[in-house]
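In this note's numbering, the protein residues as written are 7 to 190.
All C-beta atoms, glycine included, are put in the ideal place defined by N, C-alpha and C.
Every value quoted in this text rests on a predicted model; they were computed, and no experiment measured them.
What follows is one structure encoded as structure tokens, with my remarks underneath.
What follows is the structure, given as structure tokens:
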């Protein structure tokens with residue numbers, strides 16, 4: 007297996023700090039891949055990041071952990087991890103972990119945000135399925151592609167602008183734009 011700068015594990019919902027089985031499966035796979043690849047860090051991304059860290063430590067993980075807990079969706083996972091860690095951690099080779107049903111969309115989004123300056127690989131944990139009340143992955147991908155239409159892959163300023171001006175999950179967070187722009 008290749009050597010990675012970090013293994014990024016995307017979170018899935020939590021209930022009052024308790025992560026779902028889906029997130030546990032992702033963490034378990036992330037830990038295994040971290041060990042097999044001799045990665046420098048394991049990065050948990052999303053609102054359940056701290057709960058994922060606790061789960062990893064409770065299960066004996068002793069490696070270096072990075073936390074990104076401001077993102078609320080997959081594009082946020084990609085953008086916030088890139089801005090928060092890629093420069094300071096000197097990231098170039100990354101492995102991204104999510105659920106198997108989600109990984110195709112994750113690839114498109116992370117490749118759009120990180121662009122060709124990074125080598126990205128992806129792994130999906132098995133046995134996880136989205137709730138029936140959610141839009142399909144294909145519908146969500148179409149929404150993403152439409153939302154960011156006209157923006158070049160890797161154009162951080164344009165992605166931040168669109169995200170903080172128009173995205174339902176981020177547009178009402180007044181300090182977010184300045185915070186993200188400050189990371190450029």
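Residue i in three-state terms, based on DSSP
i           : result
residue 50  : strand
residue 105 : strand
residue 37  : helix
residue 110 : helix
residue 21  : strand
residue 186 : helix
Residue burial classification, residue i (beta-carbon count within 10 angstroms, cutoff 16)
i           : result
residue 83  : buried
residue 93  : exposed
residue 70  : exposed
residue 112 : buried
residue 171 : exposed
residue 152 : exposed
residue 27  : exposed
residue 11  : buried
residue 190 : exposed
residue 148 : exposed
residue 74  : buried
Nearest candidate by alpha-carbon position, reference residue i, set the options
i           : options               : result
residue 72  : 163, 16 and 156       : 16
residue 13  : 116, 101, 110 and 154 : 101
residue 184 : 175, 173, 167 and 174 : 167
residue 29  : 158, 55, 141 and 165  : 55
residue 31  : 164, 104 and 95       : 104
residue 178 : 158, 78 and 188       : 78
residue 34  : 24, 115, 59 and 181   : 59
residue 43  : 9, 68, 18 and 114     : 9
residue 187 : 57, 175, 173 and 164  : 164
residue 89  : 68, 116 and 38        : 116
residue 129 : 109, 114, 144 and 99  : 109
residue 181 : 47, 24, 41 and 76     : 76
residue 132 : 156, 37, 22 and 106   : 106
residue 174 : 81, 57, 68 and 37     : 81
residue 22  : 57, 150 and 41        : 57
residue 143 : 36, 189, 24 and 114   : 114
residue 99  : 74, 46 and 146        : 46
Any non-hydrogen atom of the ligand GTP closer than 7 Å to residue i Cβ
i           : result
residue 110 : With respect to the ligand GTP, the structure shown offers nothing to examine, as it has no ligands at all.
Within-8 Å CB hit, residue i to chain E
i           : result
residue 187 : Checking the listed chains, one finds no chain E in this structure; it contains a single protein chain.
At least three beta-carbon pairs within less than 8 Å, the region 64-75 to the region 112-125 | no
On the three-pair Cβ rule with 8 Å, is the region 122-131 touching the region 44-52?
-> no
Taking the runs of the alpha helix (DSSP H) that are 4 residues or longer, which of them lie wholly in the region 60-103?
-> 80-87
Which residue spans inside the region 122-175 form an unbroken alpha helix (DSSP H) run of at least 4?
-> 143-153 and 162-172
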